[in-house]
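Q: Going line by line, the protein sequences match chains Y and F.
Each residue of the first sequence is one higher than the one before, counting from 10 in the working numbering.
Each residue of the second sequence is one higher than the one before, counting from 10 in the working numbering.
Think of the CB as a built atom: it goes at the ideal place given N, C-alpha and C, for glycine as much as any other residue.
Protein chains: 2
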Amino acid sequence: MPSFFDDRIFREASHLNGFSGNPIERWSEARGDIEPEAMLAADNAALYLFADDRALLRVDGDGLKPRFRPDEASGLGLDRGSLILLGIGPDGPLLAGLVPASEARPDDVKAIDLRSLAIQDVLDPADLAALAQARSYLHWHAANRFCGRCGEPLLLKGGGVARACVRCDMRLFPRVDPVVIMLAIDGDRCLLGRQARFAPGMYSALAGFLEPGETIEEAVRREVKEEAGITIGRVAYHSSQAWPFPHSLMIGCHAEALSTDLAPDADELEDCRWFDREEVKLMLSGEHPEGLKAPFRMAIAHMLVRAFVERS
Amino acid sequence: MPSFFDDRIFREASHLNGFSGNPIERWSEARGDIEPEAMLAADNAALYLFADDRALLRVDGDGLKPRFRPDEASGLGLDRGSLILLGIGPDGPLLAGLVPASEARPDDVKAIDLRSLAIQDVLDPADLAALAQARSYLHWHAANRFCGRCGEPLLLKGGGVARACVRCDMRLFPRVDPVVIMLAIDGDRCLLGRQARFAPGMYSALAGFLEPGETIEEAVRREVKEEAGITIGRVAYHSSQAWPFPHSLMIGCHAEALSTDLAPDADELEDCRWFDREEVKLMLSGEHPEGLKAPFRMAIAHMLVRAFVERS
C-alpha cells in the first residue's frame with residue numbers, strides 16, 4: 010500500500026524561498042506573559058534593530074553583523090517603548106526594536122533595506138528570516154498605536170504578541186496579509202507580466218491580495234481574470250513565503266489557463282505576455298537576447314518559474 | 010510527456026469546503042470608484058443584511074430568503090453609513106449593510122448565526138458564500154473606524170474596499186487572517202484534539218494563526234509542536250476555506266508526525282490523542298461507540314479527516 014506521504018507531493022518548496030528557515034522558538038502563547046525589557050538582562054540576549062523600515066548592520070572584517078548586544082543598542086538610541094520579544098534563538102533571547110531614523114550613527118553601522126539584503130544574499134539565512142519577522146512586527150506595532158474601534162491609544166502587550174485597548178477591551182493581534190502569486194500556464198508557455206516599478210527588463214508572476222470570503226484557488230482565478238483577462242481552471246499550490254513588506258504571506262501557485270487572449274489591466278501592468286519555456290530558460294540564466302530577466306532567486310516568483318521550466 | 014497538470018494533484022478540494030463558490034464578480038479595482046449608495050438605485054440591486062454578526066433572513070413557504078430589496082432594507086432600518094458593495098452577482102449588484110441589533114423586526118425576519126446556517130445546510134451555497142464575504146467586510150469596517158497610526162476617524166472609501174485617513178494619509182484594506190489547520194499523521198493514525206468550547210464528544214484537527222515571518226509549513230510545525238508536543242516533518246497543502254469568524258483564511262494541511270509522545274498544552278486543549286483509521290471512520294459515520302464525533306461536514310477539518318481516511 011502506498012504511503013499517505015508521497016515524495017513527489019511532499020518536496021518542501023517553501024524552504025527554498027527567501028526569508029525561510031527562522032530558527033527562533035516563538036513560544037507563541039507563553040511569550041505574551043513576558044516583559045521584553047526583562048529579557049534584555051538575560052545572558053546572551055541580542056537585538057535586531059531598525060531605523061524606520063531599514064535594518065541596522067555593523068560592517069566588520071567578516072561581513073555584516075545584524076545582531077546587537079543590549080549595551081550597543083542603548084548606545085544607538087534604542088526606543089525602549091518599541092521593544093518586542095521575537096523568541097528564543099539558538100544563542101539566547103532575541104528581541105527587536107527601533108532606533109531613531111535621524112540619529113547620527115557610527116560609520117561602521119549601516120541601515121539597509123531587507124530586500125537588498127535578501128537579493129544580495131549577504132546574511133546567514135537564519136538572521137535574514139529573523140529580520141523579516143522583526144520588521145513585520147515593528148511595522149505593524151507602529152501602524153497600530155490607536156484602537157480602530159474606539160480611538161483610544163493601545164497598550165503593547167507583553168512580548169509584542171498583541172496590543173490591547175483599556176477602554177473597549179479590544180485585543181488586536183499582528184496582521185499577516187495573504188497574497189496569491191501565480192504562474193498561469195498554457196501548455197509550453199507561461200504568463201508573465203511587468204509593473205512599471207519593476208527593474209528594467211524584469212517580468213514576474215501575477216499577484217494580488219486575497220480578499221475576505223475567498224479560498225486561495227478562487228483568489229487565483231479572480232486575480233488572473235482581473236489583471237490579464239485569462240480564465241483559469243485548475244490551481245496547484247506550490248509553496249509559500251513570508252514577505253516582510255510590511256507583513257504579507259505570499260501563497261505561490263501554478264494555474265491552468267483555459268483561455269489565451271490577453272486583456273491586461275493597464276492600471277496594474279505595463280506589459281503582460283506568454284513566454285515559451287525556452288525563452289524563460291534564457292531569462293533564468295541571464296542569456297536572454299533582449300536582456301529580459303526572471304525575478305531574483307530569493308523571490309517565490311523565481312521558484313514558480315523555475316518549477317515550470319524544470320518539471321515539464 | 011506527462012502534463013504539468015496531474016489530475017491527482019489538481020483535484021480541487023477547496024471547492025468542497027463550506028462558504029466556497031461565491032459567484033460575485035468583485036471587480037476589485039473598479040469597485041473602489043463606485044459609491045454603494047448609487048448602486049441601490051440599480052435594477053435588481055439586492056442586499057445582505059446583518060444585525061451585529063448575525064445574518065437577517067426572511068422565512069417564507071419555500072425556505073429562508075437571505076437577500077432583501079433596497080426598500081425592504083430601508084424598512085428594516087438599514088444604516089446607510091455601513092453600506093458596502095460586494096460586487097455584481099448573477100442577478101445584479103449585491104450590497105451588504107447593518108441594521109440595528111435592537112430594532113423590532115417583523116415576525117418573519119430572523120437573525121441567524123452563519124455557522125448555524127452552514128452546518129444546517131439550509132441556503133444556496135452561492136448565498137452562503139456571499140454572506141461570508143459580507144460578514145467579514147462588515148465586521149472589519151466596524152472594528153476599524155479610527156486610524157491606528159494617528160487616531161483620526163477613518164473614512165470609508167467607495168465600495169467598502171478600503172478605509173482612509175484624511176490626517177495622515179494611511180489607507181487601510183480589509184484584513185484576512187491566515188490560520189493553519191492541520192491533521193498530523195503517524196502511519197495509520199491521526200492526531201485530533203478538543204477544546205473545552207467544542208460540542209460534547211467532538212474532536213478536530215489542530216489549528217492556529219500563522220504569525221508574521223512564517224511560511225505555511227513553518228507555522229504548521231510550530232503549532233503542532235506548541236499545542237501537542239509533536240515534531241512534524243513533511244507538510245502537504247490540502248485545501249483552503251474562507252472562515253468568516255470574523256475574517257480568517259483557513260489553510261488546511263496534512264502533516265507527517267516524526268514523534269508520537271503527546272505533551273498537550275492544557276491551556277489550549279482539553280484533550281488530544283491519536284485515533285486509528287477505523288475509529289475515525291466510525292466518528293465520520295456517527296457510529297462511534299462512545300459517541301465521539303468528527304467536525305461538521307462544512308468545516309475544512311472534516312475534509313482533512315475524510316481525505317486521510319479515504320486516500321490511504
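Jot down the residue ranges of each uninterrupted alpha helix (DSSP H) in the segment 34–90 of chain Y, minimum 4 residues, whole runs only, in chain order.
A: Qualifying alpha helix (DSSP H) stretches, in chain order: 45–48 and 79–84.
Q: Between the segment 136–145 of chain Y and the segment 242–256 of chain Y, do at least 3 Cβ pairs fall closer than 8 Å?
A: The segment 136–145 of chain Y is in contact with the segment 242–256 of chain Y.
Q: State the beta-bridge partners of D285/Y as determined by DSSP.
A: Partner(s): R198/Y.
Q: To the nearest angstrom, how far is the alpha carbon of P75/F from that of L65/F?
A: Looking at the two C-alpha atoms, the distance is approximately 7 Å.
Q: Relative to the C-alpha of R89/F, which candidate in F207/F, G101/F and V108/F has its C-alpha closest?
A: Among F207/F, G101/F and V108/F, the Cα nearest to that of R89/F belongs to V108/F.
Q: Compare the beta carbon distance of E236/F and D274/F with 8 Å and say whether it is the shorter of the two.
A: Result yes, Cβ atoms of E236/F and D274/F sit closer than 8 Å.
Q: Within 10 angstroms of the Cβ of S249/F, are there 16 or more other Cβ atoms? Answer buried if so, exposed if not.
A: Buried: at least 16 other Cβ atoms inside 10 Å.
Q: Are the C-beta of Q250/Y and some C-beta of chain F separated by less than 8 Å?
A: It does: the Cβ of Q250/Y has a partner Cβ on chain F nearer than 8 Å.
Q: Label V175/F either buried or exposed according to how many other C-beta atoms from any shown protein chain fall within 10 Å of its C-beta, with 16 as the threshold for buried.
A: Flag for V175/F reads exposed.
Q: At least one CB of chain F closer than 8 Å to the CB of L94/Y: is that the case?
A: Not an interface residue.
Q: Given this structure, state the Cα-to-Cα distance separating D116/F from I33/F, to the nearest angstrom.
A: Looking at the two C-alpha atoms, the distance is approximately 30 Å.
Q: Could you check the C-alpha separation between F77/Y and L56/Y for me, to the nearest Å?
A: Distance between the alpha carbons of F77/Y and L56/Y is about 5 Å.
Q: Can you grab the Cα-Cα spacing for the pair L4/F / G202/F, in whole Å?
A: The requested residue 4/F does not occur in the structure, where chain F is confined to residues 10 to 321.
Q: Closer than 7 Å by beta-carbon distance: list the chain Y residues that pair up with E235/F, in chain order.
A: Per Cβ cutoff of 7 Å: S37 and E38.
Q: For L103/F and chain Y, any beta-carbon pair shorter than 8 Å?
A: No, L103/F does not count as interfacial toward chain Y.
Q: Going by DSSP, which residues form a beta bridge with P187/Y?
A: Looking at the DSSP assignment, P187/Y forms a beta bridge with L258/Y.
Q: Using a beta-carbon distance below 8 Å, is C281/F in contact with chain Y?
A: So no, C281/F is outside the interface.
Q: Give a yes or no on contact between the segment 292–308 of chain F and the segment 122–140 of chain F, applying the rule of three or more CB pairs nearer than 8 Å.
A: Yes, they touch.
Q: Are the CB atoms of E112/F and G70/F within a distance shorter than 8 Å?
A: No; because the gap between Cβ atoms is not below 8 Å, this pair is not in contact.
Q: With V229/Y as the anchor, note down where its alpha helix (DSSP H) starts and where it stops.
A: Taken as a continuous stretch (DSSP letters only), the alpha helix (DSSP H) holding V229/Y covers I225 to A237.
Q: Count the other C-beta atoms from every protein chain shown that fall within 10 angstroms of the C-beta of L95/Y, then say buried if there are 16 or more, exposed otherwise.
A: The residue in question, L95/Y, is buried, as its Cβ has 16 or more Cβ neighbours within 10 Å.
Q: Closest by CA to G157/Y, which one among R124/Y, C177/Y and D100/Y?
A: When only C-alpha atoms are compared, the closest one is C177/Y.
Q: Is the beta carbon of L215/Y closer than 8 Å to that of V233/Y?
A: Yes. Within cutoff.
Q: Would you mind working out which of I97/F, L132/F, F59/F and K166/F sits nearest G72/F, comparing C-alpha positions?
A: Selected option, being the one with the closest Cα: L132/F.
Q: Spatial neighbours of A279/F within its chain, please: C-beta separation below 7 Å, excluding the five flanking residues on both sides.
A: For the record, residue 279/F in the displayed sequence is Glu; it is not Ala. Taken in chain order, the residues that qualify are R203, Q204 and A205.
Q: Between H150/Y and I194/Y, how many whole angstroms is the CB-CB distance? I'm expecting something under 8 Å.
A: Between I194/Y and H150/Y the Cβ distance is about 40 Å, and since that is not below 8 Å, they are no contact.
Q: Between the Cα of A316/Y and the Cα atoms of V289/Y, E299/Y and G300/Y, which residue gives the shortest distance?
A: Out of V289/Y, E299/Y and G300/Y, V289/Y has the C-alpha closest to the C-alpha of A316/Y.
Q: Whose C-beta lies closer than 7 Å to the C-beta of P11/Y among residues of the same chain, with five residues either side of it excluded?
A: Note on P11/Y: pLDDT 38, under 50, position unreliable in the model; the coordinate value appears next. Answer for P11/Y: no residue qualifies.
Q: Please classify G98/F: is it buried, with 16 or more other beta-carbons within 10 angstroms of its beta-carbon, or exposed?
A: Under this definition G98/F is a buried residue.
Q: Is G210/F closer than 8 Å to K302/F when the C-beta atoms are compared?
A: Closer than 8 Å, so yes.
Q: In chain Y, which residues lie less than 9 Å from N153/F when you measure between Cβ atoms?
A: Those within 9 Å of N153/F in chain Y are G157 and R158.
Q: Apply the 10 Å Cβ neighbour rule to H24/F and answer buried if 16 or more other Cβ atoms are within range, or exposed otherwise.
A: Its Cβ having fewer than 16 others within 10 Å, H24/F is exposed.
Q: Go through its chain and collect everything with a Cβ distance to A82/Y's Cβ below 7 Å, but skip five positions before and after it.
A: For A82/Y, where only same-chain residues beyond five positions count, the Cβ hits under 7 Å are L56, L58 and G106.
Q: Among R198/Y, I121/Y and I239/Y, which one has its Cα closest to the Cα of E319/Y?
A: Residue R198/Y is the option with its Cα nearest to E319/Y.
Q: Going by beta carbon distance, what residues of the same chain come within less than 6 Å of G217/Y, once the five residues before and after it are set aside?
A: The residues are E232.
Q: Give the DSSP-derived three-state secondary structure of A272/F in the structure shown.
A: Reduced to three states, the DSSP call for A272/F is coil.
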